[in-house]
Amino acid sequence: MPIQRNTDIVKQSAHRTDGEYDHYHKSTTRKTKRIKQMDLTMNIVLVSGTQLHIILKSSSLKNSHIQDYASVIKDIIIPDGVTSIDSGTFSRFTNLQSITIPHSVDTIGEGTFAHCSNLKTVILSNHVTCIEPYTFYNCSKMSCLILSSAIVRIGSAAFHGCSELVILNMSINLKYIESSAFSGCVKLPMMILPLGLLSIGSDAFFGCASLVTLVIPNGITHIKFGTCHGCINLQLVVFPPSLTHIDQLAFCQCRSLQTIDIPERVIVASHALLGSSIHLPSRPHLTINFLL
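Converting from the sequence shown to my numbering requires adding 1308 to each position, the first position being numbered 1.
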């Protein structure tokens, strides 16, 4: 079946999270002004051409230390010894293409790479356990990311709007995917969810227009509001025996689905499979089987 595109769905997805990010960005900016007064003398920053080498006198990299270079830097090398990167540190580095994060880093704050519209390559530390909310928000050029086995949580809108992302290797120890985590990843064709996954947030895969197959691992009990809303090329969903609830609009506008097999005891909310604007008579090809 040819891949269909639906830009309206992606725009809806962006609308859902843009307001939240703007609120977060304003609060981060206020915090940065306070940090700048206290901590700027703790660090030395050297710039060579468009490559940024950072030499620290502390183990924490702050937003205010390098924002003056946001418009020119293409590559960043963070030295070993840094253990944390503050929220929004590289946000809106619009020319940034690659960054190397040493294994000493165990904490990366919210929105660290948000709106890095040319970021293509990120090498993450093996000690980072959580992808915080908005970390790679609207990194529209990033096509491949490998998450280490240490990752247990992917925060809200962490990969929202990563429209070129086609390869994503999940951590085998991932437990939680939060709301809108992959919304608007329009080119992501496949999502292999680890067996130990415990929760998938609302709108997690909203507008993933190229997603064809989704296998939900055993242990997931609840498919939340809008989880796969607008996955217009989704053809196969495998539900686990642990499933008990499917919320409204969970599979709305998944118009390529032809057969859905649901465990019998599952409570299915109204419009969960078809959407508020689509009714069963208009979907004669859709077969719903309730499994004993």
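C-beta atoms are modelled at their ideal positions from N, C-alpha and C, and glycine is treated no differently.
- prompt: Can you tell me the Cα-Cα spacing of residue 1427 and residue 1510, whole angstroms?
  reply: 27 Å
CA nearest to the CA of residue 1506, picked from 1444, 1532, 1475, 1490: 1532
query: Taking residue 1404 as the reference, which of 1385, 1455, 1415 has the closest Cα?
result: 1385
query: residue 1452: buried (16+ other C-beta within 10 angstroms of its C-beta) or exposed?
result: exposed
task: Determine the direct distance from the alpha carbon of residue 1491 to that of residue 1467, and round the result to whole angstroms.
output: 7 Å
message: Just to check my reading of the structure: residue 1534 and residue 1548 have Cβ atoms closer than 8 Å, yes? What is that Cβ distance to the nearest angstrom?
response: The Cβ separation is near 19 Å, so there is no contact.
- request: Let me know the secondary structure DSSP gives residue 1484 once reduced to three states.
  value: strand
- prompt: Going along the chain, which unbroken runs of the beta strand (DSSP E) with 3 or more residues stay wholly within the segment 1439 to 1519?
  reply: 1452 to 1454, 1475 to 1477, 1498 to 1500
- prompt: How is the beta strand (DSSP E) around residue 1383 delimited, first residue to last?
  reply: 1383 to 1385
task: Determine the DSSP secondary structure at residue 1376, reduced to helix, strand or coil.
output: helix
Where residue 1549 falls: helix, strand or coil (DSSP): coil
task: Kindly indicate which three-state DSSP category residue 1394 falls into: helix, strand or coil?
output: coil
message: Which residue wins for smallest C-alpha separation from residue 1389, given the options 1407, 1395, 1381, 1411?
response: 1411
Of the listed residues 1501, 1571, 1530, nearest to residue 1284 (C-alpha basis): Residue 1284 lies beyond the stretch modelled for the chain, which goes from 1309 to 1600, so this question has no answer here.
message: the ligand NAD and residue 1497: does the residue's C-beta get closer than 7 Å to at least one heavy atom of that ligand?
response: The ligand NAD is not part of this structure, which contains no ligands at all.
query: Taking Cβ positions, are residue 1448 and residue 1425 nearer each other than 8 Å?
result: yes
- prompt: So, is residue 1379 buried or exposed, given that buried needs 16 or more other C-beta atoms within 10 angstroms?
  reply: exposed
- prompt: So is residue 1573 buried or exposed if we call it buried at 16+ other beta carbons inside 10 Å?
  reply: exposed
task: Under 6 Å Cβ to Cβ from residue 1523, same chain only, skipping five residues before and after it: list those, please.
output: 1546
- request: Can you tell me which of the three DSSP states residue 1530 falls into?
  value: strand
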